[in-house]
Amino acid sequence: MTMKMNTSVDKKQRARQLADLLHQTGEDHHIAFKATDGADPDWSIWYADHLREKGIETLLDAKLLKSDLIYLLVLADKKQMSEAPGARWEQFYADFFVNRYIHD
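Sequential numbering from 1 applies to the sequence shown in this note's numbering.
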């Protein structure tokens, strides 16, 4: 039982860390695309590169191909828009990734 609680705490902690990383990535993207007011139809490609550079693989304890990360970012975006359109996107995406990669 203690092991499960630790894993649960670890999942929550990783989700918070990942939400923070995603938030910072969003801020960095907005700065990088300031001339277009942050508009970038290929945002997921930029995010994938940035997240890999900033350690998402270590945070999720997973090896992620760039193409897989792009796909998962777009999938998380579509799920968030359909399932929780008013939710804080960073937390929704973080939960999406943590639930996919961190197992009890």
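Ideal placement from N, C-alpha and C gives every residue a C-beta, glycine not left out.
Proximal residues to residue i (C-beta, below 6 Å), its chain only, five neighbours per side dropped
| i | result |
| --- | --- |
| Q91 | A19 |
| M3 | Reliability fails at M3, whose pLDDT of 41 lies under 50, so the model's placement of it is uncertain and the value that follows must be treated cautiously. Counting only Cβ-Cβ distances below 6 Å, and skipping sequence neighbours, we find nothing. |
| M1 | With a pLDDT of only 37 at M1, under the threshold of 50, the placement of this residue in the model should not be trusted, and no figure is reported. |
Residue range of the alpha helix (DSSP H) that includes residue i
| i | result |
| --- | --- |
| F96 | 89-101 |
| L59 | 56-60 |
DSSP three-state assignment for residue i, whether helix, strand or coil
| i | result |
| --- | --- |
| L18 | helix |
| G26 | helix |
| A84 | coil |
| D68 | helix |
Sequence-distant residues of the same chain with beta carbon closer than 8 Å to residue i, five excluded per side
| i | result |
| --- | --- |
| R16 | A94 |
| Y101 | L60, D61, A62 |
| T25 | Y47, H50, L51, K54 |
Selected residue, minimal CA-CA separation from residue i, among the options
| i | options | result |
| --- | --- | --- |
| D68 | T58, R52, H103, A87 | R52 |
| E14 | D40, W89, T58 | In the sequence under discussion, the amino acid at residue 14 is Arg, which differs from the Glu named in the question. For R14, the nearest C-alpha among the options comes from T58. |
Counting Cβ pairs, one atom from each stretch, are 3 or more of them under 8 Å apart for the segment 29-38 and the segment 55-67? no
Looking at C-beta atoms only, is the number of pairs between the segment 41-53 and the segment 70-89 that lie closer than 8 Å three or more? yes
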